[in-house]
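Reading through the structure tokens given below for one structure.
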Amino acid sequence: MIRSFLEWLGNTPWSIALVESYYMWPWVESTHVLSLALFVGTAIMMDLRLVGLAFQGVPASSFIDRLLPWTRIGFVIMVVTGLFLFYSSPLRYYHNLFFRIKCMMLMIAGLNIWLFHSRILTSIDTWDDAGTPPRAARIAGIVSIVMWTGVVFSGRLIAYNWFDCDIQPQPTWVNSMAQCPVDEVAP
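According to the working numbering, the sequence shown holds residues 372 to 558 in order.
This is how it looks when you write it as structure tokens:
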């Protein structure tokens, strides 16, 4: 069912036009990378403050208040352009092993953000000026750094077709993890 929907989506005129566009595709991809740099750059700066490795003399609340609007702007643009990139070749992305890893890391990073903002940040008054925040904040910062680094690396590896379903034979574990329809793919 998912596969047939993604086939249909990838065959829509707008999807085909986007992937075949001489100017639009590079613009969308470049905007995605630039907004990723804005988002991840500001997020890593906040994470380094949370871990206690940088900006220790700046109150955490001031630091977060100044960077969070920029982080949110980068996030919104990154998500919109990422959806366009997915829309251009949905079936290829769906079966791409690195895309799946990226999505898993995005979910963990999103859960980490939710936990930080709903639980840890609420007690910022007690540790705002501390050079080294409490353990929960440090863990949230470390998880964030690891997940966003993984998102960047796996996102970059999506472009390589090492494990594409249309390149067979692939190891059984690759076909299984990417849900490659090997019975439909010519060896």
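Heads up, the beta-carbon is just placed ideally off N, CA and C, and yes, glycines get one too.
Pairing T413 with G445 gives a Cβ-Cβ distance under 8 Å. Taking the Cβ atoms as the reference, S515 lies roughly 5 Å from D418, within the contact range of under 8 Å.
If you look at I448, you'll find it in the alpha helix (DSSP H) that goes 431 to 459. If you look at G423, you'll find it isn't in any alpha helix (DSSP H); DSSP assigns it neither H nor E.
Around the C-beta of N532, fewer than 16 other C-beta atoms lie within 10 Å, and the residue is accordingly described as exposed. Judged by DSSP in its simplified three-state form, S392 adopts coil rather than helix or strand. Comparing alpha-carbon positions, the option among W396, F455, W544, G526 lying closest to R471 turns out to be G526.
Three or more beta-carbon pairs drawn from the segment 379 to 395 and the segment 453 to 463 are found closer than 8 Å, and the two stretches are therefore classed as touching. Following the DSSP letters along the chain, one finds A511 inside the alpha helix (DSSP H) bounded by residues 506 to 528. If you draw a 10 Å sphere on the C-beta of P397, you find fewer than 16 other C-beta atoms in it, and that means exposed.
Only exposed fits L424, as fewer than 16 other CB atoms lie within 10 angstroms of its CB. In the structure shown, F534 adopts coil according to DSSP, grouped into three states. With a 10 Å radius around the Cβ and a threshold of 16 neighbouring Cβ atoms, Y394 comes out exposed.
Taken through DSSP and simplified to helix, strand or coil, C474 comes out as helix. Taking 8 Å as the cut-off, the beta carbon of I415 is found no closer than this to the beta carbon of W498. Beta-carbon to beta-carbon, G502 and Q427 are separated by about 4 Å, close enough to satisfy the 8 Å threshold.
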